[in-house]
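Chemist: In terms of UniProt numbering, the sequence shown has 519 at position 519, counting the first letter as 1, and numbering is strictly consecutive. All C-beta atoms in this analysis are idealised placements derived from N, C-alpha and C, irrespective of residue type, glycine included.
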Amino acid sequence: MASTFPQQRARTHRFTLGAPRSFTVSPDGSRVAFLRSRHGTDLAHLLWVKDLDDGTERPVADPAVLLEGAAEELSPEERARRERSREGTAGVVGYATDSSVELAAFALSGRLFAVELRAGTARELPTPTPVVDPRPSPDGRHIAYVAGGELRVVAVSGDAGAVGEAGEAGQHSGEAGTDRCLAAPEAPTVTWGLAEFIAAEEMSRHRGHWWSPDSDRLLVARVDDAPVDRWCIADPARPEAEPARVAYPAAGTPNAEVTLHLVDLADGARTPVEWDRERFPYLARVHWSADGPPLLLVQSRDQRRARYLTVDTETGATTVTQEEEDRIWLELFGGVPAWAPDGSLVRIVDRTGSEDAGDGAEDAEQAGARVLMAGARQLTSARLHVRAVLDIGPEDILFSASEGEADGRRTPGDIGVHRVPLTGGEPERIAAEPGAHIASAVRGGSTLVLSRATPERPGATVTVLKCPAGGGSWEPAGVIASYAETPVLTTAPRLLHTGDRRIPAAVVLPHGYQESDGPLPVLMDPYGGPHGQRVVAAHNAHLEAQWFADQGFAVVTADGRGTPGYSPGWEKAVHRRIAEVTLDDQVAALHSLAGEFPLDLTRVGIRGWSYGGYLAALAVLRRPDVFHAAVAGAPVTDWRLYDTHYTERYCGTPQDDPEVYARTSLLTDAGLSGVEPSFEQRPLMLIHGLADDNVVVAHSLRLSSALLAAGRAHEVLPLSGITHMANDAQVAENLLLLQVGFLKRGLGVS
Numbered sequence: 001m002a003s004t005f006p007q008q009r010a011r012t013h014r015f016t017l018g019a020p021r022s023f024t025v026s027p028d029g030s031r032v033a034f035l036r037s038r039h040g041t042d043l044a045h046l047l048w049v050k051d052l053d054d055g056t057e058r059p060v061a062d063p064a065v066l067l068e069g070a071a072e073e074l075s076p077e078e079r080a081r082r083e084r085s086r087e088g089t090a091g092v093v094g095y096a097t098d099s100s101v102e103l104a105a106f107a108l109s110g111r112l113f114a115v116e117l118r119a120g121t122a123r124e125l126p127t128p129t130p131v132v133d134p135r136p137s138p139d140g141r142h143i144a145y146v147a148g149g150e151l152r153v154v155a156v157s158g159d160a161g162a163v164g165e166a167g168e169a170g171q172h173s174g175e176a177g178t179d180r181c182l183a184a185p186e187a188p189t190v191t192w193g194l195a196e197f198i199a200a201e202e203m204s205r206h207r208g209h210w211w212s213p214d215s216d217r218l219l220v221a222r223v224d225d226a227p228v229d230r231w232c233i234a235d236p237a238r239p240e241a242e243p244a245r246v247a248y249p250a251a252g253t254p255n256a257e258v259t260l261h262l263v264d265l266a267d268g269a270r271t272p273v274e275w276d277r278e279r280f281p282y283l284a285r286v287h288w289s290a291d292g293p294p295l296l297l298v299q300s301r302d303q304r305r306a307r308y309l310t311v312d313t314e315t316g317a318t319t320v321t322q323e324e325e326d327r328i329w330l331e332l333f334g335g336v337p338a339w340a341p342d343g344s345l346v347r348i349v350d351r352t353g354s355e356d357a358g359d360g361a362e363d364a365e366q367a368g369a370r371v372l373m374a375g376a377r378q379l380t381s382a383r384l385h386v387r388a389v390l391d392i393g394p395e396d397i398l399f400s401a402s403e404g405e406a407d408g409r410r411t412p413g414d415i416g417v418h419r420v421p422l423t424g425g426e427p428e429r430i431a432a433e434p435g436a437h438i439a440s441a442v443r444g445g446s447t448l449v450l451s452r453a454t455p456e457r458p459g460a461t462v463t464v465l466k467c468p469a470g471g472g473s474w475e476p477a478g479v480i481a482s483y484a485e486t487p488v489l490t491t492a493p494r495l496l497h498t499g500d501r502r503i504p505a506a507v508v509l510p511h512g513y514q515e516s517d518g519p520l521p522v523l524m525d526p527y528g529g530p531h532g533q534r535v536v537a538a539h540n541a542h543l544e545a546q547w548f549a550d551q552g553f554a555v556v557t558a559d560g561r562g563t564p565g566y567s568p569g570w571e572k573a574v575h576r577r578i579a580e581v582t583l584d585d586q587v588a589a590l591h592s593l594a595g596e597f598p599l600d601l602t603r604v605g606i607r608g609w610s611y612g613g614y615l616a617a618l619a620v621l622r623r624p625d626v627f628h629a630a631v632a633g634a635p636v637t638d639w640r641l642y643d644t645h646y647t648e649r650y651c652g653t654p655q656d657d658p659e660v661y662a663r664t665s666l667l668t669d670a671g672l673s674g675v676e677p678s679f680e681q682r683p684l685m686l687i688h689g690l691a692d693d694n695v696v697v698a699h700s701l702r703l704s705s706a707l708l709a710a711g712r713a714h715e716v717l718p719l720s721g722i723t724h725m726a727n728d729a730q731v732a733e734n735l736l737l738l739q740v741g742f743l744k745r746g747l748g749v750s
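Listed below in C-alpha cells is the structure:
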C-alpha cells in the first residue's frame, strides 16, 4: 500500500535518509569520504569512500557488521551531543580524519573504531567506554577522545591487543597500541575535551579538543559547570525513574567556567592558556593550522565585543590580533576565524548599518553588508551577503553567500558557493547549472564536492567537480548517488519579496487550485526568528507546506526581520524588541500578499515549532484580530527560562532589562483584558516534549496555567519521552494529522 505524505515524511526523516552527507575530500583530490544509509528509510549511516580514479563507491564501515547485529546503545553523553547537533539518526553519525584522509575514527555504541580508508578495513580499538568525539592526530598515529569526562589518547598502530590495558603506569606516546589519560576531571562537575551546553547549542562549537599541526600537542577545553543552576527533567510516564538533573544556564544566571589548556602528548604536561576571561568569558572559536599559531575568538557576555587572540604555545600567553565591537551584537560564523597560507587573518565582518544606527533602529533594517576579509583586504562587496567560509586554499577562499539586494531581482533563499582570490578580485559563483538554489561545498586539492538543491526538483544533487592544474573552470567529474526516497507529492512554491519591507516569503497553494475556487483559509507557517531561514530555494523545504495546502489552505512562510540571509541590519532589527518586530512582519507579509493571492483574511491560522511556536502563540494572544487559531510546538513562553547566549543577545539580562522580558513574555499576555471580548478565545494548541532539555516543558506548562487562571480555553498535547527534535516516526506522523485537524476545526474548514 502506498504511503501517505505524513507516513513517508516520518519514516524518511524528512527525506534525509539515504542522502549522502558529511563529505571529506583527500588533499590529493583522489577520494571522498562521506556518510549515507543504504536506502531512504534506513536510519543507520555507513561510512563510504568514493574513488575518483575509477568512480566506485564502497562502504568502509558498516554498523551492522561492526556491532555483529547487536542494537546500538547510546551513552547519556552521546545522547546529549546528538541532541545539541540535532542528530536523530543512527550508525556512524559523525567521523573525523587525519590530514591526509587516510584514517578515519568514529564512535559506535560507545566504542572506538578506526578505518583505513584506502584499504577499507575497520577495526575496534579497545578503550574505556563510552567513547565520545574521537579525533585522529594529523599524522594519523593517535586518536584523542573523551570517556567519562577524561581526555584520553590511543595509539593507532601496533598490537591492538595491548590497547586494553588503559591507563597503566609506564605507558607513553611512543608505545604502539597504548591508551592513556591526558587529563582527568578533578570533580564530578568537570569535563575535559567536550563543548559545554552553551557552545554546542548556541555557538555551533561542537568540539572541545584540537590537535596541533605537528600532532605533538592538543588544545583542550576544561569545563566546570558547578556554577550553573540545576534543573530536573522528569518523565511522568515513568514514575519509577529518577528525574534527570541537568545544568541549565538560564538568562541572567551563571554559565559554566570554561578554560583552555595546551596538553603535551608525550607526558601530559598542561599549560593554561591565559586571556581576560572576566571581560571575555565566551570561548566561541578555536583554530589551529600549519598557517599560523593557535587562534581563538572570545566574546564578552553581552556579545558586543570580541577579540581574536593568538596563543604562544610555549607559555600559554595570548596576544590580541584583532578587536571588534558592535553597538548591537557580533554574529558568529562558520569556518572563521582562520589563517590563510599567506598569514592573513580570514574573518567575516559586518560593515556599516548596525554600527551607525541606534539599537534596532528601523533606518538600519536594510543597511549594512556582511563581507569577507583577509587581513586588511576586503574581498567582497555588498553584492554578496557572506554566510560562511567553506575552504581556504593557497590562492583563494571558497565561501557561501546570498546574492545581495542591490538590484532588487534576486530570488529569496538563493544561496550560492563562491570563490575569490586571496589577493582580491571579482568573486566567481560556482554552480553545476544556472538558476536559484541552495548549495554548499567541500574541497580537497583540485576536487570540489558540490551539494545543490533547487525549487524544481526533489532532494539535492551532489556533483564532483575538478579544476584543471593552473586554474580554469570547474568541470564535472561524477556524482555521488543519493538513495533518498522520492516524495509522494511535488510542490511549486512561489518565492518572492513582499510589502514595503520586501519581506522574503513563500506561498504554496493546493494542487489543482483555480481562481474560481475562491479565497482560501490561510496557514502562516513561520520560524520567523534568529538563525532560522525558512524561505529557501529548495524543493523539499516546502513539501510540508504543500501537504497542508492540499488540506485546503493557502500556506504562507515569511522570513521577517531577525531571520538570517538578508542583511546585518535586517537580523539586528529585533534587538530588545524581538516579540513586536517578528510579529509585526508576519502581519505585514500576510496583508501585503492578500492583494496578490487568494487569501481569506477572516480565517487565518498559524503554526510553528520552537521560536516558531513562540511566534504562533504570540500571534493569537497579541493579535487575535488577525490570527484566529494557532498550534504552538515547543514554544519559548518566558525568555527568563531560556539560555544565556541566545536570549541575552536579543533581550539583555532580566536584571538589567526587566521591561524587555516583560514585553516578550507570553505569560503577561495570558490575562489580557484590553482586547475585544470576542477575540479572547482564539483556539490555541500547545505541544511539548516532556524530555526537552533545550526549551523545557515548563514553558508550555506555565503558559497553560496562566491561560487557565485567566479562563482562556486551550489544548495541551504532552509528548512523553520526546525531546526538542520530536524525531520519533510515529509521533512525527501523527503530529501532522493532529495539527491539521485542530486547525480545520479552529478555522471552520470542512
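I'd like to know whether the C-beta atoms of A589 and A619 end up nearer to each other than 8 Å.
Modeler: No, the Cβ-Cβ distance between A589 and A619 is not below 8 Å.
Chemist: In its own chain, which residues sit with a C-beta less than 6 Å from the C-beta of G444, not counting the 5 before and 5 after it?
Modeler: Only V25, S26, P27, G29 meet the Cβ criterion.
Chemist: Would you check if the stretch 111-125 and the stretch 82-91 touch, i.e. whether three or more CB-CB distances between them fall below 8 Å?
Modeler: With a cut-off of 8 Å, the stretch 111-125 and the stretch 82-91 do not count as touching, because too few Cβ pairs lie within range.
Chemist: Taking the DSSP output, what are the residues bridged to A247?
Modeler: A247 pairs with R230.
Chemist: Going by DSSP in three states, G612 sits in which element: helix, strand or coil?
Modeler: G612 falls in the helix class under three-state DSSP.
Chemist: In chain order, which continuous runs of the beta strand (DSSP E) of length 3 or greater are located wholly inside the stretch 485-546?
Modeler: As far as the stretch 485-546 is concerned, its whole beta strand (DSSP E) runs of at least 3 residues are 494-498, 503-508, 520-524.
Chemist: Quick test of your reading: A505 and L593, contact by CB under 8 Å. State the CB separation rounded to the nearest angstrom.
Modeler: Contact flag correct, Cβ pair sits at about 6 Å.
Chemist: In angstroms, rounded to a whole number, what distance separates the CA positions of G55 and D525?
Modeler: G55 and D525: Cα-Cα distance of roughly 42 Å.
Chemist: Compute the Euclidean distance between the alpha carbons of G34 and L283, then round it to the nearest angstrom.
Modeler: The question names Gly, yet the displayed sequence has Phe at residue 34. Taking the straight line joining both Cα atoms gives about 29 Å.
Chemist: Note down the Cα distance separating L599 from T490, rounded to an integer number of angstroms.
Modeler: About 22 Å.
Chemist: Measuring alpha carbon to alpha carbon, tell me which of I143, A184, L108, G208 ends up nearest T178.
Modeler: Nearest C-alpha to T178: I143.
Chemist: Rounded to whole angstroms, what is the Cα-Cα separation between A376 and E323?
Modeler: Their backbone Cα atoms lie some 13 Å apart in a straight line.
Chemist: Got a sec? Which residues, its chain only, sit under 7 Å from T321 by beta carbon, not counting five neighbours each side?
Modeler: Excluding sequence neighbours, T321 sits near Y308, L309, T310, L345.
Chemist: Using CA coordinates, which residue listed in L422, P138, D414, D500 is at the minimum distance from R534?
Modeler: Looking at the Cα atoms, D414 is the closest of the given residues.
Chemist: Specify the secondary structure class of C467 as computed by DSSP and reduced to three states.
Modeler: Coil, per DSSP.
Chemist: Could you pull out every unbroken alpha helix (DSSP H) segment of at least 4 residues lying fully inside the stretch 75-118, listed in chain order?
Modeler: Correct list: 76-84.
Chemist: Counting pairs of Cβ atoms below 8 Å between the stretch 624-632 and the stretch 681-689, do you hit three or more?
Modeler: Verdict: yes, contact present.
Chemist: Could you compute how far the alpha carbon of R729 sits from the alpha carbon of D693?
Modeler: Per the sequence shown, the amino acid found at residue 729 is Ala instead of Arg. Computed Cα separation, rounded: 20 Å.
Chemist: Using the C-alpha atoms, what's the distance from L219 back to W275?
Modeler: One C-alpha to the other measures close to 14 Å.
Chemist: Looking at I687: is its Cβ nearer than 8 Å to the Cβ of G633?
Modeler: Against a cut-off of 8 Å, the Cβ pair of G633 and I687 comes out as a contact.
Chemist: Compare the Cα-Cα distances from K50 to each of L747, L520, I480 and report the closest residue.
Modeler: The option with the nearest alpha carbon to K50 is I480.
Chemist: Could you work out which residue in V349, A367, S446, V228 is closest to I392 when comparing CA atoms only?
Modeler: Comparing Cα-Cα distances from I392 to each of V349, A367, S446, V228, the minimum goes to S446.
Chemist: Comparing C-alpha positions only, which one of A199, D224, L330, H209 sits nearest to P188?
Modeler: If we check each option's Cα against that of P188, D224 comes out closest.
Chemist: What distance in whole Å lies between the Cβ atoms of E78 and H132, which are believed to be in contact at a cut-off of 8 Å?
Modeler: At residue 132 the sequence reads Val, which differs from the His that was named. Right, the Cβ-Cβ distance comes to about 6 Å (below 8 Å), so this counts as a contact.
Chemist: Over the uninterrupted alpha helix (DSSP H) stretch that includes P59, give me the two end residues.
Modeler: Looking at the DSSP string, P59 is not in any alpha helix (DSSP H); the run it does join, the beta strand (DSSP E), is 57-61.
Chemist: Opposite R347 in the DSSP bridges: which residues?
Modeler: M373, per the DSSP bridge assignment.
Chemist: Among L495, C181, T127, R135, which residue has its Cα nearest to the Cα of R152?
Modeler: Ranking the options by Cα distance to R152, first place goes to C181.
Chemist: Answer with buried or exposed for S516, where buried requires no fewer than 16 other C-beta atoms within 10 angstroms of its C-beta.
Modeler: So S516 ends up on the exposed side.
Chemist: For L686, write down the residues that DSSP places opposite it in a beta bridge.
Modeler: DSSP lists A632, V716 as partners of L686.
Chemist: Do L47 and A61 have their C-beta atoms closer together than 8 Å?
Modeler: Contact flag set, yes.
Chemist: Taking the alpha-carbon positions, what's the P394 to D342 distance?
Modeler: Rounded to the nearest angstrom, the two C-alpha atoms are 8 Å apart.
Chemist: So, is S157 buried or exposed, given that buried needs 16 or more other C-beta atoms within 10 angstroms?
Modeler: S157 is exposed by the Cβ-count criterion.
Chemist: Name the residue from Q8, D669, H418, L112 whose alpha carbon lies nearest to the alpha carbon of D396.
Modeler: When only C-alpha atoms are compared, the closest one is H418.
Chemist: So which of E314, L296, G552, D229 has the shortest CA-CA distance to A269?
Modeler: Nearest C-alpha to A269: E314.
Chemist: Between which two residues does the alpha helix (DSSP H) holding Y661 run?
Modeler: Segment 658-664, the alpha helix (DSSP H) holding Y661.
Chemist: Quickly, what does DSSP pair I143 with across the bridge? List them, please.
Modeler: Partner(s): P136, V154.
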